[in-house]
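Before any comments, here is the structure.
Number of protein chains: 4
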Amino acid sequence: MTIDIGIVGGTGYTGVELLRLLAQHPSVRVRAITSRKDAGTKVADMFPSLRRRYDGLAFVEPDAARLADCALVFFATPHGVAMAQARELVAAGTRIVDLAADFRLKDPALFERWYKMPHACPDLLAQSVYGLPEVNREAIRGARIVGNPGCYPTAVQLGFLPLLEAGVVDTRHLIADCKSGVSGAGRKAEVNLLFAEASDNFAAYGVRGHRHHPEIAQGLALAAGGPVGLVFTPHLTPAIRGIYATLYAPLVCPDTDLQALYEKRYAGEPFVDVMPPGSAPDTRSVRASNMLRIAVHRPAGTDLAMILVVEDNLVKGAAGQAIQNMNLMFGWPETAGLDALPVLP
Amino acid sequence: MTIDIGIVGGTGYTGVELLRLLAQHPSVRVRAITSRKDAGTKVADMFPSLRRRYDGLAFVEPDAARLADCALVFFATPHGVAMAQARELVAAGTRIVDLAADFRLKDPALFERWYKMPHACPDLLAQSVYGLPEVNREAIRGARIVGNPGCYPTAVQLGFLPLLEAGVVDTRHLIADCKSGVSGAGRKAEVNLLFAEASDNFAAYGVRGHRHHPEIAQGLALAAGGPVGLVFTPHLTPAIRGIYATLYAPLVCPDTDLQALYEKRYAGEPFVDVMPPGSAPDTRSVRASNMLRIAVHRPAGTDLAMILVVEDNLVKGAAGQAIQNMNLMFGWPETAGLDALPVLP
Amino acid sequence: MTIDIGIVGGTGYTGVELLRLLAQHPSVRVRAITSRKDAGTKVADMFPSLRRRYDGLAFVEPDAARLADCALVFFATPHGVAMAQARELVAAGTRIVDLAADFRLKDPALFERWYKMPHACPDLLAQSVYGLPEVNREAIRGARIVGNPGCYPTAVQLGFLPLLEAGVVDTRHLIADCKSGVSGAGRKAEVNLLFAEASDNFAAYGVRGHRHHPEIAQGLALAAGGPVGLVFTPHLTPAIRGIYATLYAPLVCPDTDLQALYEKRYAGEPFVDVMPPGSAPDTRSVRASNMLRIAVHRPAGTDLAMILVVEDNLVKGAAGQAIQNMNLMFGWPETAGLDALPVLP
Amino acid sequence: MTIDIGIVGGTGYTGVELLRLLAQHPSVRVRAITSRKDAGTKVADMFPSLRRRYDGLAFVEPDAARLADCALVFFATPHGVAMAQARELVAAGTRIVDLAADFRLKDPALFERWYKMPHACPDLLAQSVYGLPEVNREAIRGARIVGNPGCYPTAVQLGFLPLLEAGVVDTRHLIADCKSGVSGAGRKAEVNLLFAEASDNFAAYGVRGHRHHPEIAQGLALAAGGPVGLVFTPHLTPAIRGIYATLYAPLVCPDTDLQALYEKRYAGEPFVDVMPPGSAPDTRSVRASNMLRIAVHRPAGTDLAMILVVEDNLVKGAAGQAIQNMNLMFGWPETAGLDALPVLP
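Residue numbers (the working numbering), protein chains in the order written: chain C, 15 to 359; chain P, 15 to 359; chain R, 15 to 359; chain H, 15 to 359.
Below is the structure:
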């Protein structure tokens with residue numbers, strides 16, 4: 015059986031990545047993709063990589079898309095769009111995976127503070143599920159609305175969770191020193207994202223505060239059973255894809271076998287790979303795939319845990335995780351459409 | 015039905031690319047992969063991108079590989095290796111696709127001049143088939159040995175062929191100005207391929223002669239029905255993957271409808287995409303895929319044809335084309351294992 | 015003695031490059047730099063690389079700049095700005111170097127056709143000098159207005175000129191296959207220039223016609239003593255800086271000693287380096303410097319000259335050449351401020 | 015007055031960088047440059063960027079170099095070379111700046127443990143000066159042997175020093191999360207440094223221990239007046255040049271005005287630029303220059319100091335600092351030869 019899928023806002027990187035990955039999925043058909051600005055343009059004219067597979071698909075006006083006829087709609091839009099359309103779609107029985115932030119923060123006040131807009135549907139927010147399968151797998155299966163995690167939050171939470179759940183670190187002093195490829199900023203014409211600016215360069219950004227901080231802190235607090243102290247420092251690295259999270263946490267139980275802790279926590283997870291002791295993962299080892307890899311370290315002479323995490327920000331950090339959530343929602347194998355190996359070199 | 019496959023020399027980029035692509039193939043199992051130097055090492059330890067899919071596969075000594083038990087062996091080796099082992103394998107009924115140059119040049123003397131070694135089996139060379147499916151599809155089906163084309167030769171031949179077959183250009187003055195990503199040089203520790211040397215840089219190389227020149231000239235001469243005059247200028251561009259061929263040929267029949275000529279020539283080809291008039295293809299539109307794209311131009315004020323060709327040097331220019339050839343040899347759908355969309359961005 | 019310099023439009027790459035290079039110049043002081051949009055901003059706040067040297071310099075409104083008090087004004091602006099202000103400045107005795115195209119094409123009709131605006135001062139255009147010192151050195155010394163050549167035109171003209179002046183090639187069939195780093199497109203927020211678009215990619219562009227074509231053709235025609243046939247194909251390569259021109263011309267006098275021809279033509283030129291026979295220059299060998307390097311080739315088995323040219327598009331292709339022109343205009347050593355070695359790696 | 019300089023081992027990146035920078039220096043002449051492997055090769059044939067300035071300079075055998083006739087010799091060699099030649103040169107009155115590690119660690123046992131060789135001249139080591147001008151300026155002036163700091167140690171020490179000297183942080187829990195461009199690994203033919211491996215990638219390395227750890231710890235301990243606890247995590251980022259150090263330290267005096275502390279500490283320093291509050295420096299803002307920039311932060315909701323430091327690993331992290339040390343040793347202006355602005359873009 016094949017179900018119909020809709021994509022709202024398909025002109026960005028998460029949109030084209032959804033199309034790339036869904037083309038490998040055995041059970042879905044992309045029925046409609048919307049773009050107000052580019053209505054009428056064929057997707058394969060904007061993204062020639064899609065030629066031969068999506069030759070019949072063109073962007074349509076949101077109103078013309080009849081999204082309510084779809085079994086599921088992905089929102090690959092700026093923040094604020096999904097929550098405006100959610101009530102109508104849910105009423106029609108359409109399920110939603112929002113790749114933006116509308117359904118990530120459980121506290122509407124927190125959402126408003128960081129995203130500078132009131133939340134349009136706090137009641138739906140309360141019912142929605144945060145789409146991190148490694149934490150919320152069962153809830154996702156039954157969810158009508160899934161808030162797909164941000165790219166940094168996926169890596170940082172999966173990196174810290176085993177430590178917090180086991181209660182072996184001082185949760186007041188967590189540091190997440192993170193590095194992201196440039197596609198994480200989206201397909202936006204901004205000077206600082208130009209090749210001639212971002213290439214052969216490296217810099218921290220968002221040093222006065224980044225929207226992924228409250229999202230990460232929310233997830234860590236749930237795992238820790240109380241608020242955590244977190245420094246989150248994002249940096250821009252001259253790569254197209256990839257997130258690298260270097261995490262530091264002071265151990266309160268220095269005798270813990272961290273390697274065993276992580277291997278046990280993620281045993282059976284199809285998309286979390288705990289690497290052997292001593293490993294230093296690299297981002298290309300997950301490029302274009304939904305796999306996330308973790309290496310666990312204890313720097314010599316310290317009482318710190320150092321956790322290294324890599325993911326592809328557009329796959330496990332966005333479109334791939336969205337499809338993983340869809341697979342759970344429809345009872346398909348969790349890996350459906352997501353089993354391609356990383357592209358190396 | 016699943017057949018057993020062997021790979022000789024799997025520690026380079028074409029080897030790991032074969033493993034990546036074969037993992038998506040419905041009808042094959044990699045039975046053995048050889049490396050004298052790295053025997054005993056797990057492939058997933060050398061290439062962590064293969065973890066979770068090839069955890070049981072390790073490099074073995076060539077002698078231990080029992081390659082003759084395989085239905086097909088890919089040689090992803092330096093030049094000279096395949097021809098040394100071909101006779102024994104063919105005698106055992108094993109079919110061969112050589113990704114090196116041993117079975118590309120039909121004239122053993124030409125091989126010896128460019129590769130500085132005598133050909134080990136001229137009789138087998140005579141029986142072997144040059145593995146360019148768009149030219150030799152039927153012969154490939156029945157071949158015991160396929161010489162898989164070089165990366166530049168694939169792009170340049172497919173770019174020029176329609177012009178030569180139609181007899182509409184002056185074949186004495188063909189120019190192929192080509193640009194390649196750095197992976198085309200292989201996974202070799204050479205100073206000029208270092209990131210700090212090749213990045214933020216651009217240069218021609220091989221200006222005194224390149225081994226792909228005779229291979230290209232051989233194919234063009236067959237299409238033209240006689241020798242051609244060819245300038246082939248390879249350049250190194252700071253990208254990992256991708257070949258860009260900018261081809262110039264003087265038209266002798268200026269009224270020719272070039273666009274129609276190309277569309278007709280490649281109609282039905284699963285991996286050649288003739289783009290609409292006015293297009294400028296980019297290498298990322300084929301990244302990690304077996305598709306090759308062509309755009310046809312007539313520069314204003316000239317009697318020249320200008321043909322733009324892009325391919326991924328490791329896929330259509332190497333491992334993907336090898337699998338396409340295997341599919342033909344075993345009567346499988348030509349696109350089996352090769353239907354993933356390009357990775358963009 | 016120190017003279018006062020003005021820069022109009024200093025927020026782009028040629029503007030910041032002028033500031034970088036002028037800081038090393040012994041005889042000038044930047045008195046004013048204008049930007050309507052960023053008036054009030056310190057240049058070192060926009061470009062932190064300028065901190066500690068230009069801490070007192072801020073962008074001012076054009077009207078406030080009192081440019082007529084400067085001995086020379088550089089226009090690092092979009093096309094059309096310099097010609098609108100030229101008459102007033104020239105009347106005040108201020109000399110002008112325009113880094114845009116207003117004073118490059120001698121034929122106002124040609125300018126209008128390619129730049130879609132009428133020329134504001136054809137009389138000044140007639141008096142202006144095309145600022146290619148290797149061709150117009152004496153005229154530049156006395157010029158009031160210099161039209162600084164484009165980046166591609168500098169490389170292509172200096173590459174072809176010796177052949178044309180000597181009359182040894184068929185001028186109807188010239189091919190310039192050119193590759194440029196991304197900074198050549200300017201500091202403009204455009205999607206196709208984003209790191210995530212331009213990195214790990216290669217493509218031709220401007221395939222329907224590029225504004226540098228008439229500029230190149232104008233210079234070549236002057237050297238050849240009549241119109242030339244020229245194909246000019248620009249490509250974008252994932253490097254910040256650098257132009258690589260691969261030039262092809264059919265020899266009509268195949269016995270010509272091309273190496274000697276070039277060495278003689280450019281003997282004594284401070285910024286043209288004719289490399290030894292067999293060389294393949296790379297763009298990094300001129301990075302951040304005003305040097306242009308040329309290698310001369312005769313591909314085997316052909317009657318073609320193949321000329322390889324490298325320059326830094328922002329230096330010899332823009333700001334450096336502008337300073338070289340200024341040095342000539344003021345009787346200073348031609349290399350003043352331009353003697354730093356290229357940055358490698 | 016011009017003095018004669020010798021360079022031992024000039025075929026790596028620090029060697030060519032010394033030549034680039036020394037070409038701008040008013041008071042030195044490179045008399046000899048040695049390379050056993052490349053004796054007889056002109057430096058400009060190996061590095062065409064040096065053409066026109068060093069056309070007469072060729073690598074010579076160490077014995078033929080008559081280094082003892084030079085006033086100063088730079089060692090741009092692997093570890094172990096300088097200490098083997100130091101005694102003879104010092105005896106001859108020649109002064110030494112070693113860009114390798116032979117004279118960095120004051121404890122010979124520590125040197126032996128990390129560099130796997132005994133120290134050849136502990137007595138000279140005891141007299142040598144660690145060449146960090148911002149700490150040891152006066153001692154450097156009189157030094158016969160200067161151990162030039164490593165690239166990471168320069169950035170990390172200058173970043174932490176004001177905090178340690180002021181005693182405002184808990185020195186048991188210092189974290190240095192560092193990122194380096196690929197040139198930091200040197201001009202060595204290693205697979206992991208290839209463009210096709212290091213490009214579009216990001217990874218930690220040296221996770222089991224890095225030789226710069228004891229060097230950093232030594233300097234921090236001196237400033238702190240006792241041993242410090244330090245985690246040092248180096249990462250490789252796909253840039254040619256640049257080091258980015260993100261430093262974390264727990265404040266014990268949360269009321270400290272960190273910005274004022276840093277501005278005061280580095281007031282008057284020609285090559286340390288304390289940026290305004292809220293800044294996020296980028297590596298390109300120091301590319302090819304000897305400037306190091308620092309930004310001081312207090313992440314919200316924490317009692318941490320977060321210090322961001324950028325430098326060019328080949329300049330302030332190697333060759334530039336070596337020249338700065340030479341300037342001190344000979345009583346020249348500290349900025350002689352080092353006043354070029356960073357190259358941006």
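C-beta: ideal position from N, C-alpha, C; glycine also.
Quick caveat, the model's predicted, so the values are computed rather than measured.
Cα-Cα separation between residue i and residue j, rounded to whole angstroms
i         : j         : result
H:Gln-335 : R:Tyr-258 : 34 Å
C:Leu-342 : C:Thr-349 : 9 Å
R:Leu-119 : R:His-226 : 10 Å
P:Pro-252 : C:Ala-98  : 44 Å
P:Ala-190 : P:Leu-244 : 7 Å
H:Ile-321 : R:Leu-261 : 50 Å
H:Arg-155 : H:Phe-344 : 7 Å
P:Phe-209 : R:Leu-208 : 21 Å
P:Leu-138 : P:Met-289 : 38 Å
H:Phe-246 : C:Val-149 : 31 Å
P:Ile-17  : C:Ile-337 : 32 Å
H:Gly-223 : C:Gly-292 : 11 Å
Cβ separation of residue i and residue j, assumed to be a contact under 8 Å, to the nearest whole Å
i         : j         : result
H:Gly-23  : H:Phe-89  : 7 Å
P:Asn-339 : P:Val-160 : 5 Å
H:Arg-312 : H:Leu-355 : At roughly 31 Å, the Cβ-Cβ gap does not stay under 8 Å, so H:Arg-312 and H:Leu-355 are not in contact.
H:Arg-298 : H:Leu-358 : 5 Å
P:Val-323 : P:Ala-169 : 5 Å
P:Val-44  : P:Leu-36  : 6 Å
P:Cys-192 : P:Gly-331 : That pair is no contact at about 11 Å.
P:Ser-194 : P:Leu-250 : 6 Å
Three-state secondary structure (DSSP) of residue i
i         : result
C:Pro-136 : helix
H:Val-310 : strand
H:Ser-194 : strand
R:Asp-116 : coil
H:Glu-75  : coil
P:Gly-20  : strand
C:Pro-122 : helix
R:Leu-261 : strand
P:Pro-228 : helix
R:Pro-291 : coil
H:Gly-204 : First, the residue type needs correcting, since residue 204 of chain H is Glu and not Gly in the sequence shown. H:Glu-204: coil per DSSP, three-state reduction.
P:Asp-296 : strand
P:Ile-254 : coil
R:Arg-34  : helix
Same chain, Cβ closer than 7 Å to residue i, five either side skipped, listed in chain order
i         : result
P:Thr-91  : Val-22, Gly-23 and Ala-114
H:Leu-177 : Val-183, Ala-263 and Ala-319
P:Tyr-27  : Ser-197, Gly-200, Arg-201 and Leu-328
Contacts that residue i makes with chain D (C-beta to C-beta distance below 8 Å)
i         : result
P:Lys-193 : Among the protein chains of the structure shown, namely C, P, R and H, there is no chain D.
Contact set for residue i: own chain, Cβ-Cβ below 6 Å, skip 5 residues either direction
i         : result
H:Ala-134 : Met-97 and Ala-98
Contacting positions in the stretch 27–43 of chain P - beta carbon closer than 9 Å to chain C: Only those residues of the stretch 27–43 of chain P whose C-beta falls short of 9 Å from the nearest C-beta of chain C are listed: Tyr-27, Val-30, Glu-31, Leu-33, Arg-34, Leu-35, Ala-37 and Gln-38.
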